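Inspection log for the structure reproduced underneath, given as structure tokens.
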Amino acid sequence: MSVSDHLVRVLSYKHDSSVHRSWEDIFLLDETDDYIAAGSRRNKVIESNGREWISKEPSIYIFSKKEWYNVICMFKKEGISYYTNIASPSSLKDKVITYIDYDLDAKLLPNGSIKVLDKKEYAANKEKYGYPEETDKTIRDTLTEILRLMRDKVFPFDNELIQEYYDVFQSYLSL
Numbered sequence: 033m034s035v036s037d038h039l040v041r042v043l044s045y046k047h048d049s050s051v052h053r054s055w056e057d058i059f060l061l062d063e064t065d066d067y068i069a070a071g072s073r074r075n076k077v078i079e080s081n082g083r084e085w086i087s088k089e090p091s092i093y094i095f096s097k098k099e100w101y102n103v104i105c106m107f108k109k110e111g112i113s114y115y116t117n118i119a120s121p122s123s124l125k126d127k128v129i130t131y132i133d134y135d136l137d138a139k140l141l142p143n144g145s146i147k148v149l150d151k152k153e154y155a156a157n158k159e160k161y162g163y164p165e166e167t168d169k170t171i172r173d174t175l176t177e178i179l180r181l182m183r184d185k186v187f188p189f190d191n192e193l194i195q196e197y198y199d200v201f202q203s204y205l206s207l
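The opening position of the sequence shown corresponds to residue 33 in this note's numbering, with each subsequent residue numbered one higher.
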């Protein structure tokens with residue numbers, strides 16, 4: 033199996049089904065009943081307005097298939113930084129990973145500090161897109177659970193497991 037056989041695309045949508053962002057050439061590492069694991073190194077990201085940029089750090093992605101989040105585990109000089117998108121459960125079909133991004137994000141830095149991001153964007157888009165009360169509650173409950181998982185440093189915020197995925201990703205790239 034060649035490296036290109038492992039490449040997938042990621043498509044992020046907004047609540048109204050409009051495309052939010054896409055990532056090209058993400059390397060599929062694993063798919064379980066609960067999540068999809070992927071890796072990337074300097075891949076192209078395309079914003080909904082057409083702006084393109086290249087990611088800086090090598091990363092491992094964990095896309096939950098059952099829970100309302102996905103995590104980008106970025107390998108930086110100071111350690112692994114975790115960026116969590118509160119989002120609908122992800123799916124993989126025809127080499128494309130998809131999910132709905134719900135704006136609210138949380139970040140776990142290598143020093144253990146945690147930040148909640150984009151609260152204003154979430155409030156504005158909740159109004160703009162008319163998120164149902166059930167969706168709003170799920171998003172708020174997910175954020176609470178993510179913060180607990182971050183504090184406890186358990187999956188997907190487990191440096192050891194993420195490093196194992198990164199090592200597998202690196203071995204594929206060296207073929």
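Note that CB positions come from ideal geometry on N, CA and C, so glycine has one too.
Fair warning: this is a prediction, and the values are worked out from it, not measured in the lab.
Rounded to the nearest whole angstrom, the CA to CA distance from Arg172 to Glu56 is 30 Å. Minimum Cα-Cα distance from Arg183 among the listed residues Ser145, Ser54, Asn81 and Tyr45 corresponds to Ser145.
Under DSSP, Asp62 takes part in a beta bridge, and its partners are Ala69.
Counting only runs that start and end inside the region 92–136, the beta strand (DSSP E) elements of at least 3 residues fall at 101–108, 111–119 and 123–125. Closest in alpha carbon position to Ile132, among Gln202, Leu43 and Glu153, is Leu43.
Taken atom to atom, the span from the alpha-carbon of Ile86 to that of Arg73 is near 9 Å. Per the coordinates, the alpha-carbon of Ser54 lies some 23 Å from the alpha-carbon of Leu175. Here Glu165 is exposed, its C-beta having fewer than 16 other C-beta atoms within 10 Å.
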